[in-house]
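Asker:
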Amino acid sequence: MKIATFNINGVKARIEALTAWLDATQPDVAVLQEIKSVDEGFPREIFEDMGYNVETHGQKGFNGVAILSKFPLEDVTRGLPGGAGAGREGVDDEEARYIEATVVGLKPVRICGLYLPNGNPAPGPKFAYKLRWMERLQARAQDLLSHEEVALLCGDYNIIPQAEDAARPDAWRDDALFRLDSREAFRRILNLGFTEAFRSREAGSGHYSFWDYQAGAWEKNNGIRIDHFLLTPQCADLLNDCWIEKDVRGREKPSDHVPVWVDLAA
DNA sequence: ATGGTCGCCGAGCGA
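Remember, the working numbering sits 5 above the position in the first sequence when you count from 1.
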């Protein structure tokens, strides 16, 4: 089963590039972030006509996540648990950043698609929201481990895990994507027992999943690696491969992110 | 270089 996570930065602006990419690469599952669309505005028929089952969790203008799957999608849930009690009533659930579904291929896999808050400027209320959101993600991640599920959490984490995941780490030192407290929160989740799929297969530097639209970042290869797959042990046992599809960034009207893939024996 | 570029919508925010 080939699964790609892809922050598409707006489904309406990306529909041509996205359908061409699906046609060419044929993922079994595409986990999308920043659809920037309400559920009713998502062009689901286009993807259904390509053979995909479609589940979305959108909102007006910003954020929004979706899962496209050639296999059936079961037990779909929208929103990260713990929002109502995490701060003021319901506040954490106003942003559509999380969706889960079980993909039933050779073996069922629980797929968790996430768009983790950016958190800038830090410190401040947006950064506090990011850290609170990561605490909730950690709780959900612990549940998946405790139940020994074949599961993965993938998406735009807005976290640069290590210095080798940025072309210019010094430029990100105080940014919400690379601050020590952000990286510590990410490591707390990872250290519960997850495998970070890409890092497990590639120890080196210079592999990025995002290049800013500004200041010629792509042309200078001034990138960062912020789109990740975290696998439970039961899922890591099925990992065949993980790679970043870098060349997508150089195509016509690209997203600022590129797809990251895993191939599972599932 | 106190900007630079996108996408949401149809001004200014978020990234």
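Note that CB positions come from ideal geometry on N, CA and C, so glycine has one too.
Taking its Cβ as the centre, do 16 or more other Cβ atoms sit within 10 Å of Leu73, making it buried, or is it exposed?
Answerer: Numbered from 1 along the first sequence, position 68 holds the residue referred to as residue 73. Under this definition Leu73 is a buried residue.
Asker: Note the first and the last residue of the continuous alpha helix (DSSP H) segment covering Gln143.
Answerer: Taking the first sequence and counting its residues from 1, the one referred to as residue 143 is at position 138. Gln143 -> alpha helix (DSSP H) spans 130-151.
Asker: I'd like the span of the alpha helix (DSSP H) that includes Val16, first residue to last.
Answerer: Numbered from its first residue, the first sequence carries residue 16 at position 11. Its alpha helix (DSSP H) spans residues 16-30.
Asker: Give me the residue from Ser210, Arg102, Glu79 with the minimum Cα distance to Gly69.
Answerer: Your numbering for residue 69 matches position 64 in the first sequence. Nearest C-alpha to Gly69: Arg102.
Asker: Would you mind giving the Cβ-Cβ distance between Arg173 and Ala127, rounded to the nearest angstrom? I have them listed as a contact below 8 Å.
Answerer: Stepping through the first sequence from its first residue, residue 173 is reached at position 168. Stepping through the first sequence from its first residue, residue 127 is reached at position 122. So it is not a contact: roughly 18 Å between Cβ atoms.
Asker: Could you name the residues of the same chain whose beta carbon sits closer than 7 Å to that of Arg193, not counting the 5 residues immediately before and after it, in chain order?
Answerer: For the purposes of this step, residue 193 is taken as residue 188 along the first sequence, with counting starting at 1. Cβ within range, chain order: Gln143.
Asker: Between Arg49 and the rest of its own chain, which residues show a CB-CB distance below 6 Å, the 5 nearest in sequence each way excluded?
Answerer: In the first sequence, counting from the first residue as 1, residue 49 sits at position 44. Excluding residues within five positions, the ones whose Cβ falls inside 6 Å are Val59.
Asker: Report back the beta-carbon spacing between Arg141 and Gly87 to the nearest angstrom; my notes put them in contact at under 8 Å.
Answerer: Reading the first sequence from its first residue, position 136 is the one you call residue 141. Reading the first sequence from its first residue, position 82 is the one you call residue 87. Right, their Cβ atoms sit about 4 Å apart.
Asker: Please classify Val96: does DSSP put it in a helix, a strand, or coil?
Answerer: Here residue 96 refers to the residue found at position 91 of the first sequence. For Val96, the pLDDT reaches just 48, beneath the cut-off of 50, and the residue's location in the model is therefore unreliable, although a value from the coordinates is still provided. Helix, per DSSP.
Asker: Please report the straight-line C-alpha distance between Lys251 and Phe76, rounded to a whole angstrom.
Answerer: What you label residue 251 is simply residue 246 of the first sequence in a count that begins at 1. What you label residue 76 is simply residue 71 of the first sequence in a count that begins at 1. Whole-angstrom Cα-Cα distance: 26 Å.
Asker: Would you call Gly160 buried or exposed, if buried means 16 or more other Cβ atoms sit within 10 Å of its Cβ?
Answerer: Stepping through the first sequence from its first residue, residue 160 is reached at position 155. Gly160 is buried by the Cβ-count criterion.
Asker: Please state whether DSSP places Gln219 in a helix, a strand or coil.
Answerer: Locating residue 219 in the first sequence gives position 214, counting from the first residue. In this structure, Gln219 counts as coil in the three-state DSSP scheme.
Asker: Where do the N-terminal and C-terminal ends of the beta strand (DSSP E) with Ala35 fall, by residue?
Answerer: As a first step, residue 35 must be located in the first sequence, where it is residue number 30. Counting along the chain, the beta strand (DSSP E) containing Ala35 begins and ends at 34-38.
Asker: Short of 6 Å in beta carbon distance, which residues of its chain neighbour Val265, apart from the five on each side in sequence? Order them along the chain.
Answerer: The residue labelled residue 265 in the question sits at position 260 within the first sequence. Around Val265: Thr10, Ser214, Asp232, Ile249.
Asker: Let me check understanding here. Comparing Cα to Cα, which of Ala176, Leu111, Pro113, Ala181 lies closest to Phe132?
Answerer: Counted from its first residue, the first sequence places residue 132 at position 127. Phe132 has its Cα closest to that of Ala181, out of Ala176, Leu111, Pro113, Ala181.
Asker: Asp186 to Thr200, Cα distance in whole Å?
Answerer: Position 181 of the first sequence holds residue 186. Position 195 of the first sequence holds residue 200. Cα to Cα, Asp186 sits roughly 20 Å from Thr200.
Asker: Quick check on DSSP: helix, strand or coil for Leu157?
Answerer: To locate residue 157, count along the first sequence from 1; it is residue 152. Looking at Leu157 - three-state DSSP - the assignment turns out to be strand.
Asker: Along the chain, where does the beta strand (DSSP E) containing Ser74 start, and where does it finish?
Answerer: Looking up residue 74 in the first sequence gives position 69. Where Ser74 is concerned, the enclosing beta strand (DSSP E) stretches over 70-74.
Asker: Near Ala222, which residues of its chain fall below 6 Å by C-beta distance, leaving aside the five closest residues on each side in sequence?
Answerer: Translated into the one-based positions of the first sequence, residue 222 becomes position 217. Cβ neighbours of Ala222 beyond the five flanking positions: Trp216.
Asker: Start and end of the alpha helix (DSSP H) containing Ile8?
Answerer: Along the first sequence, read from residue 1 onward, the residue named residue 8 stands at position 3. From DSSP, Ile8 is part of no alpha helix (DSSP H) but of the beta strand (DSSP E) over 7-12.
Asker: Compute the Euclidean distance between the alpha carbons of Asp80 and Ala156, then round it to the nearest angstrom.
Answerer: Counting from one through the first sequence, the residue named residue 80 turns up at place 75. Counting from one through the first sequence, the residue named residue 156 turns up at place 151. Each residue's Cα considered, the two are about 13 Å apart.
Asker: Return the residue from the list Gln239, Leu37, Ile8 that minimises the CA-CA distance to Leu121.
Answerer: Your numbering for residue 121 matches position 116 in the first sequence. The shortest Cα separation from Leu121 among Gln239, Leu37, Ile8 belongs to Leu37.
Asker: Assuming Gly1 and Lys112 are in contact, meaning their beta carbons sit under 8 Å apart, how far apart are those beta carbons, in whole angstroms?
Answerer: In the structure as shown, the chain starts at 6 and stops at 271, and residue 1 therefore has no counterpart that could be examined.
Asker: Taking 6 Å as the line, does the beta carbon of Ile20 fall inside it for any heavy atom of the ligand PLP?
Answerer: This structure lacks the ligand PLP, and indeed carries no ligand of any kind.
Asker: Extract the residue ranges of the alpha helix (DSSP H) inside the segment 185-219, only unbroken runs of 4 or more that lie entirely within it.
Answerer: If we require 4 residues or more, the alpha helix (DSSP H) runs fully inside the segment 185-219 come out as 185-195, 202-206.
Asker: Can you grab the Cα-Cα spacing for the pair Arg254 / Val267, in whole Å?
Answerer: The sequence position of residue 254 within the first sequence is 249, counting from 1. The sequence position of residue 267 within the first sequence is 262, counting from 1. Cα to Cα, Arg254 sits roughly 19 Å from Val267.
Asker: Using the Cα positions of Trp138 and Asp28, report the straight-line distance between them to the nearest angstrom.
Answerer: The residue you call residue 138 lines up with position 133 of the first sequence. The residue you call residue 28 lines up with position 23 of the first sequence. If you take the alpha carbons of Trp138 and Asp28, they lie about 35 Å apart.
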